[in-house]
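The next block holds one structure in the form of structure tokens; read it before the comments.
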Amino acid sequence: MLNDMITYFQSNSSMYWLYVGQHIGLSLTALGAAFILAFSLAYWASRHQLSRQMIFFLAQGLRVIPSLAVLFIMIPFLGVGRTPALLALVFLALPPLIMNMTLGFMEVPAVLKETGLAMGMSSGQLFKRVTLPLALPHILTGIKLALVEIIASATLATYIGAGGLGSLIVTGLGLYRMDLLVIGGGSVAILSLFSLILMDYLVKVSEKS
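Residue numbers (full-length UniProt numbering): 1 to 209.
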């Protein structure tokens, strides 16, 4: 099998890196879109209890829907390709982002906010100088969890023609090629592990600062 893997890289290195680029691009795009949406929802939820309960209920509901099911549900409306895969990954990323961001915003001590207002800070200044820095560890934790889930689940995007490293896994399954399965699955595992290590480091740095 090792010889088969070496042969694959010798003959298909450009295609392999294309799959890697597609996988990373899809994952980061989904994370960025989910972050923008989750940030707004989490900040609103942290300030309004009724809205928080509704948003948490929706977020928990998204957690129980398999991402593959979301992909196939969107096919009649959006067809196949990158767009439905992107939306499915956004839905997958929202729960950990919303939960951790809301927790981060809510754990900022009220006395610090009151002190900032007493010093003449505007709402925007208070958010940038007090709330956001103190909530940052929770925000980064949410990004970490969401990113790892996205990278792992992006392999399913292959089933609707969105490309990525899942193409190697699906091809390996169809052709009974163990080398392709190992290359595809191993690459996804390496990307997930790298993301986890990087985000853990950033979380620790934010906690110290």
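We put the CB at the ideal spot given by N, CA and C, even for glycine.
Exercise. Alpha carbon to alpha carbon, how far is K204 from G172?
Worked result: 39 Å
Exercise. Assuming residue 268 and I139 make a contact with CB atoms under 8 Å, what is their CB distance in whole Å?
Worked result: Since the first residue shown for the chain is 1 and the last is 209, residue 268 is missing from the structure and cannot be characterised.
Exercise. Counting pairs of Cβ atoms below 8 Å between the stretch 96-110 and the stretch 131-149, do you hit three or more?
Worked result: yes
For this session: Excluding the 5 residues preceding and the 5 following F39 in the sequence, name in chain order all residues of the same chain whose CB lies nearer than 7 Å to its CB.
Result: M101
Exercise. How big is the Cα-Cα spacing for F127 and S209?
Worked result: C-alpha separation (whole angstroms): 17 Å.
Exercise. With 16 as the cutoff for other CB atoms within 10 Å, does L26 come out buried or exposed?
Worked result: buried
Problem set entry | Cβ contact (3+ pairs, closer than 8 Å) linking the stretch 148-165 and the stretch 187-197 | yes
Problem set entry | Secondary structure, alpha helix (DSSP H): runs of 4+ residues fully inside the stretch 36-67 | 49-63
Exercise. For G185, which residues from the same chain have a beta carbon less than 7 Å from its beta carbon, with the 5 sequence-adjacent residues on both sides left out?
Worked result: I169
Exercise. How big is the Cα-Cα spacing for Y201 and E207?
Worked result: Cα-Cα distance, rounded: 10 Å.
Problem set entry | Close beta carbons around L165, own chain, < 7 Å, minus the five adjacent residues each side | Counting only Cβ-Cβ distances below 7 Å, and skipping sequence neighbours, we find Y19, V20, H23, T155, G184, S187, V188.
Exercise. How should L180 be labelled, buried or exposed, when 16 other C-beta atoms within 10 angstroms of its C-beta is the threshold for buried?
Worked result: buried
Problem set entry | Contact check, A88 vs L62, beta carbons under 8 Å | no
Exercise. If you check the beta carbons only, do A34 and L117 fall under 8 Å apart?
Worked result: Taking 8 Å as the cut-off, the beta carbon of A34 is found no closer than this to the beta carbon of L117.
Problem set entry | Supposed contact pair A59 and S51 - C-beta distance, whole angstroms, cut 8 Å | Incorrect: roughly 12 Å between the Cβ atoms, too far for contact.
Problem set entry | Residue burial classification, G124 (beta-carbon count within 10 angstroms, cutoff 16) | exposed
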